[in-house]
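Visitor: Here it is, the structure in full.
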Amino acid sequence: MNFSIIIYIIGYVLKIEGLLMLAPTFVGVFYGEKAWIGFFIMAVATFLFGTLLSFKKPKNQVFYAKEGFVSVPLSWIFASIFGCLPFVINGDIPRFVDAFFEIVSGFTTTGSSILTDVEVVSHASLFWRSFSHWIGGMGILVFILSVLPLTSGATMHLMRAESPGPQVDKVVPKVKDTSIMLYIIYTAMTVLQIILLIIGNTDIFDAVCIALGTAGTGGFAVKNSGLAGYSPYVQYVVAIFMILFGVNFNVYVLLIKKHLRQALRVEEARWYFAIIVLAVALITINTKYLFPTLELAFRTALFQVGSIITTTGYATYDFSIYYPLFSQLILIFLMFIGACAGSTGGGIKVSRIIIIAKTVRDELARIIHPRAVKKVRSEGKTLNHSVLRSVNIFLMSYLGVFAVSLLLISLDNFDFTTSFTAVTATINNIGPGLGKVGPCGNFSEFSDFSKLVFCFNMIAGRLEILPMLVMINPRTWSHPFKYKKHKAVNKIS
Numbered sequence: 063m064n065f066s067i068i069i070y071i072i073g074y075v076l077k078i079e080g081l082l083m084l085a086p087t088f089v090g091v092f093y094g095e096k097a098w099i100g101f102f103i104m105a106v107a108t109f110l111f112g113t114l115l116s117f118k119k120p121k122n123q124v125f126y127a128k129e130g131f132v133s134v135p136l137s138w139i140f141a142s143i144f145g146c147l148p149f150v151i152n153g154d155i156p157r158f159v160d161a162f163f164e165i166v167s168g169f170t171t172t173g174s175s176i177l178t179d180v181e182v183v184s185h186a187s188l189f190w191r192s193f194s195h196w197i198g199g200m201g202i203l204v205f206i207l208s209v210l211p212l213t214s215g216a217t218m219h220l221m222r223a224e225s226p227g228p229q230v231d232k233v234v235p236k237v238k239d240t241s242i243m244l245y246i247i248y249t250a251m252t253v254l255q256i257i258l259l260i261i262g263n264t265d266i267f268d269a270v271c272i273a274l275g276t277a278g279t280g281g282f283a284v285k286n287s288g289l290a291g292y293s294p295y296v297q298y299v300v301a302i303f304m305i306l307f308g309v310n311f312n313v314y315v316l317l318i319k320k321h322l323r324q325a326l327r328v329e330e331a332r333w334y335f336a337i338i339v340l341a342v343a344l345i346t347i348n349t350k351y352l353f354p355t356l357e358l359a360f361r362t363a364l365f366q367v368g369s370i371i372t373t374t375g376y377a378t379y380d381f382s383i384y385y386p387l388f389s390q391l392i393l394i395f396l397m398f399i400g401a402c403a404g405s406t407g408g409g410i411k412v413s414r415i416i417i418i419a420k421t422v423r424d425e426l427a428r429i430i431h432p433r434a435v436k437k438v439r440s441e442g443k444t445l446n447h448s449v450l451r452s453v454n455i456f457l458m459s460y461l462g463v464f465a466v467s468l469l470l471i472s473l474d475n476f477d478f479t480t481s482f483t484a485v486t487a488t489i490n491n492i493g494p495g496l497g498k499v500g501p502c503g504n505f506s507e508f509s510d511f512s513k514l515v516f517c518f519n520m521i522a523g524r525l526e527i528l529p530m531l532v533m534i535n536p537r538t539w540s541h542p543f544k545y546k547k548h549k550a551v552n553k554i555s
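By the count of the working numbering, the sequence shown reaches residue 555 at its end, each step adding exactly one.
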């Protein structure tokens, strides 16, 4: 294990985080809140500590995939430790475990919260919570890759470890250019949503926080009522942008390059929109008797479906109490499906669901016609064995982590619905579940141990499980100073 490169990358992450902490510092100063002091102190401390770690390039420049899969989760953990301390210093969330849970939920774009009253929290902390969604949405290291001086081979190891989906491809020849292009699209869509929300007479602070949470598919609200108190126009804007941010960003790259036909042929995006249309239609029909108008039933269904499948977590209605069981189950299914690969959303991902379905279909065909030659295809291309293998490994790892987590938090002795959906909400980076963790509830009643389990789940879910499993695997840390130089192809430039 090359610790020097891992430390170097973590240092870079902390330096950038220190600079980003200046944003909530300015917000606190603008609103005349003392909370800015805590953010300023931690901005300086985080930047200096990051500078200390990354001041000198490591002499040993070996960089394997193992280093990438360890660097990413450690970067998220260190960023969360430093990122939660302003909450503790300024007193908005005085307990470390609670503050750590809150910022992990922010960076992983989960949106689960331990706060029982967000409206008493300072503007600086509210902004930092929402801003953490935006930072983590595209990925801390995807941003870092646009400035970190690593060779393309090394950066691909980092990008594969952090990016969602069964495989990661460069949308342009250089990884650095890919990162920059993704962030340009990400930022442009965020700014467009802020403008549209302000046009709808939304308070500027609220508009910025809502847009940051939507872009990162996070879901931290700045009102206790969530988004229920906003106008129908605002709810439609947020619902549409939640769905748009759940689309594979490669589709937007194709549209920018005017490859319309190629964009329309993206199978995952077609199924993604088909699932949304079907779910909205079924829930609207099933719940229309609960609302005075069909439009309100449709709007509520559209918002909740868009929020759940993209794992954003915003809510305009307490579906955990008022929705009939049929509609609740549809939303639970959407929690597991998640958004598209290559988006800011969580969950298993639509692409994996498609691959699993096609694999089962082809296996059934082989049983019926033993001599038939069947290959799993996507968009006219045969999927190679490595893709199918990665999907199977992810699914088994996902189920294993889910089962162990559910067993561990059962020690708190909450009802099954609360426990099951709490694990579902955290490992899929959704935010709300059902029962005590529904849209009007929170995670404050869980023990510190369970909150740390949830933190593990949130980071594991955001990083697609395997990087976290690699990090905690004892074999990863065995023989840390042994290198095979003939295999060392990725080096710091």
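All C-beta atoms in this analysis are idealised placements derived from N, C-alpha and C, irrespective of residue type, glycine included.
None of these values were measured; they are calculated from a predicted model.
(1) Check this for me: beta carbons of T171 and T279, under 8 Å apart or not?
(2) Could you tell me the alpha carbon to alpha carbon distance between I68 and G201, rounded to whole angstroms?
(3) Could you tell me which residues DSSP pairs with T444 in its beta bridges?
(4) Given 8 Å as the limit, is there contact between the segment 368-385 and the segment 456-475, that is, 3 or more CB pairs closer than that?
(5) Taking just the CA atoms, how far does L496 sit from G173?
(6) Should the segment 173-186 be regarded as contacting the segment 150-163, the criterion being three or more beta carbon pairs within less than 8 Å?
(7) Could you round the C-beta distance between E79 and T113 to whole angstroms and report it? I think they count as a contact, below 8 Å.
(8) Measuring alpha carbon to alpha carbon, tell me which residue in T346, A105, I416, K411 is nearest Y385.
(9) Name the two residues that bound the continuous alpha helix (DSSP H) containing Y70.
(10) Assuming F505 contacts F516 (C-beta within less than 8 Å), just tell me the rounded distance between them.
(11) State the DSSP-derived secondary structure class of D160, mapped to helix, strand or coil.
(12) Would T406 be called buried (16 or more neighbouring beta carbons within 10 Å of its own) or exposed?
(13) How many Å lie between A141 and L76 at the Cα?
(14) Taking only the alpha-carbon atoms, compute the straight-line gap between Y292 and S540 and give it to the nearest angstrom.
(15) Any contact between the segment 396-403 and the segment 423-443? By contact I mean 3 or more CB pairs, one from each, below 8 Å.
(16) State the DSSP-derived secondary structure class of S369, mapped to helix, strand or coil.
(17) Report, in whole angstroms, the separation of the C-beta atoms of M530 and P135, which I expect to be a contact under 8 Å.
(18) Just to confirm, is the Cβ distance from S574 to D474 under 8 Å?
(19) Apply the 10 Å Cβ neighbour rule to G227 and answer buried if 16 or more other Cβ atoms are within range, or exposed otherwise.
(20) So within the segment 382-464, which uninterrupted beta strand (DSSP E) runs reach at least 3 residues, ignoring any that extend past its ends?
(21) What is the DSSP secondary structure of Y621, counted as helix, strand or coil?
(22) Which residue's Cα is closest to the Cα of V299: S116, F482, G462, L259?
(23) Please report the Cβ distance between F189 and V89, rounded to the nearest whole angstrom; I am assuming they are in contact, meaning their Cβ atoms lie under 8 Å.
(24) Run through the segment 272-345 for me and flag every whole alpha helix (DSSP H) of 4 or more residues, listed as ranges in chain order.
(25) Quick one: what does DSSP say F498 is sitting in, helix, strand or coil?
(26) Within 10 Å of its beta-carbon, does L396 have 16 or more other beta-carbons around it, so buried, or fewer, so exposed?
(27) I'd like to know if the segment 356-366 and the segment 262-270 are in contact, where contact means that at least 3 CB-CB pairs between them fall below 8 Å.
(28) Just to confirm my understanding: we take P556, look at its own chain, exclude 5 residues before and 5 after, and list those with CB closer than 7 Å. What are they?
(29) Are there 16 or more other CB atoms within 10 angstroms of the CB of D160, so buried, or fewer, so exposed?
(30) By the three-class DSSP mapping on this structure, what secondary structure does E357 have?
(31) Using 10 angstroms around the beta-carbon of P148, count the other beta-carbons present and answer buried if the total reaches 16, otherwise exposed.
Guide: Answer, in terms of the structure:
(1) Counting from one through the sequence shown, the residue named residue 171 turns up at place 109. Counting from one through the sequence shown, the residue named residue 279 turns up at place 217. It is a contact, given that the beta carbons lie within the stated cut-off.
(2) Stepping through the sequence shown from its first residue, residue 68 is reached at position 6. Stepping through the sequence shown from its first residue, residue 201 is reached at position 139. If you take the alpha carbons of I68 and G201, they lie about 17 Å apart.
(3) Numbered from 1 along the sequence shown, position 382 holds the residue referred to as residue 444. In DSSP, T444 forms a bridge with R439.
(4) Not touching, per the Cβ criterion.
(5) Numbered from its first residue, the sequence shown carries residue 173 at position 111. Numbered from its first residue, the sequence shown carries residue 496 at position 434. G173 and L496 have their C-alpha atoms spaced approximately 14 Å apart.
(6) Yes, the segment 173-186 touches the segment 150-163.
(7) The residue you call residue 79 lines up with position 17 of the sequence shown. The residue you call residue 113 lines up with position 51 of the sequence shown. E79 to T113, Cβ: 12 Å. No contact.
(8) Working through the sequence shown from its first residue, we reach residue 385 at position 323. That would be T346, whose Cα lies nearest to the Cα of Y385.
(9) In the sequence shown, residue 70 corresponds to position 8, counting from 1. Element bounds for Y70: 65-82.
(10) Numbered from its first residue, the sequence shown carries residue 505 at position 443. Numbered from its first residue, the sequence shown carries residue 516 at position 454. Cβ atoms of F505 and F516 come within 8 Å of each other, at about 7 Å.
(11) Counting from 1 along the sequence shown, the entry for residue 160 is found at position 98. D160 falls in the helix class under three-state DSSP.
(12) The residue given as residue 406 occupies position 344 in the sequence shown. Counting every other CB atom within 10 Å of its CB across the protein chains shown gives T406 a total of 16 or more, marking it as buried.
(13) Looking up residue 141 in the sequence shown gives position 79. Looking up residue 76 in the sequence shown gives position 14. One C-alpha to the other measures close to 6 Å.
(14) Residue mapping note: residue 292 aligns to position 230 of the sequence shown, counting from 1. Residue mapping note: residue 540 aligns to position 478 of the sequence shown, counting from 1. Y292 and S540 have their alpha carbons spaced roughly 54 Å apart.
(15) These segments do not touch.
(16) Within the sequence shown, the letter at position 307 stands for residue 369. Looking at S369 - three-state DSSP - the assignment turns out to be helix.
(17) Counted from its first residue, the sequence shown places residue 530 at position 468. Counted from its first residue, the sequence shown places residue 135 at position 73. Contact holds; Cβ gap of about 5 Å.
(18) Residue 574 falls outside the range modelled here, since the chain spans only 63 to 555, and no answer is possible.
(19) Residue numbering aside, residue 227 sits at position 165 when the sequence shown is read from its first letter. With a pLDDT of 49 at G227, under the threshold of 50, the modelled position of that residue is not reliable, and the figure given next carries that caveat. Its Cβ being crowded by 16 or more others within 10 Å, G227 is buried.
(20) Runs of the beta strand (DSSP E) inside the segment 382-464: none found.
(21) Because the chain spans 63 through 555 in this model, residue 621 falls outside it and cannot be assessed.
(22) For this step, residue 299 is matched to residue 237 along the sequence shown. Comparing Cα positions, the closest option is L259.
(23) Along the sequence shown, one-based indexing puts residue 189 at 127. Along the sequence shown, one-based indexing puts residue 89 at 27. At roughly 5 Å, the Cβ-Cβ gap stays under 8 Å, so F189 and V89 are in contact.
(24) Whole alpha helix (DSSP H) segments, 4+ residues: 294-307, 311-318, 322-326.
(25) The residue labelled residue 498 in the question sits at position 436 within the sequence shown. Position check: residue 498 holds Lys in this sequence, whereas Phe was assumed. Helix, per DSSP.
(26) Here residue 396 corresponds to residue number 334 of the sequence shown, with the count starting at 1. Buried, because 16 or more other Cβ atoms sit within 10 Å of the Cβ of L396.
(27) Output reads no: the segment 262-270 does not touch the segment 356-366.
(28) This structure leaves residue 556 out entirely; the chain is present only between 63 and 555.
(29) Counted from its first residue, the sequence shown places residue 160 at position 98. In summary, D160 is buried, with 16 or more beta-carbon neighbours lying within 10 Å of its beta-carbon over all protein chains present.
(30) Residue numbering aside, residue 357 sits at position 295 when the sequence shown is read from its first letter. Helix.
(31) The sequence position of residue 148 within the sequence shown is 86, counting from 1. Label assigned to P148: buried.
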